[in-house]
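Each residue of the sequence shown is one higher than the one before, starting from 7 at the first, in this note's numbering. We put the beta carbon where it would ideally sit given N, CA and C, even for glycine. Being a predicted model, the structure only gives us computed values, none of them experimental.
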Amino acid sequence: MRLSGFIVGGLVGAVATMYVSRKRPGTFAWATSAVSNAASNMMGNTVSKVMNKGFMNEAGAVVPKHTDAAAGKSEAAWEQIEAIVNSDPAIKKEADKIKAESSAFTH
7 MRLSGFIVGG LVGAVATMYV SRKRPGTFAW ATSAVSNAAS NMMGNTVSKV MNKGFMNEAG
67 AVVPKHTDAA AGKSEAAWEQ IEAIVNSDPA IKKEADKIKA ESSAFTH
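Here you go:
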């Protein structure tokens, strides 16, 4: 969207608002009240969902838990990666080069 289109649309909206508010003053007040109530209801629903314990329990259930079985699988995976790296001299040389470069940086 171009800036000129945005500005023209804003001006047209402002003129239409002034026209409606002069012809029917109650309509503008009613529309403002309706939008305010809708926003308030949305905010109230959002806050109640966040504060609800069920929401917190659902969020905790989604997060994966660290278990001993997962640690064993991770250890086995790292051992397999180490065996692959050690089996090929070119890969080992490249891995050592990467380790040397990463240890040169301060973390």
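Can you tell me the Cα-Cα spacing of residue 27 and residue 8, whole angstroms? On the sequence shown, position 21 is the one that residue 27 refers to. On the sequence shown, position 2 is the one that residue 8 refers to. If I take the Cα positions, the gap works out to 29 Å.
Over the uninterrupted alpha helix (DSSP H) stretch that includes residue 28, give me the two end residues. Here residue 28 refers to the residue found at position 22 when the sequence shown is read from its first residue. Where residue 28 is concerned, the enclosing alpha helix (DSSP H) stretches over 9-29.
Given residue 58, which residues of its chain have a CB within under 7 Å of its CB, disregarding the five upstream and five downstream residues? Stepping through the sequence shown from its first residue, residue 58 is reached at position 52. Counting only Cβ-Cβ distances below 7 Å, and skipping sequence neighbours, we find nothing.
Is residue 94 helix, strand or coil by DSSP? Here the question's residue 94 lines up with position 88 in the sequence shown. Coil.
With a threshold of 8 Å on Cβ separation, who are the neighbours of residue 98 within its own chain once the five nearest residues in sequence on each side are excluded? Taking the sequence shown and counting its residues from 1, the one referred to as residue 98 is at position 92. These residues qualify, in order along the chain: 91 and 92.
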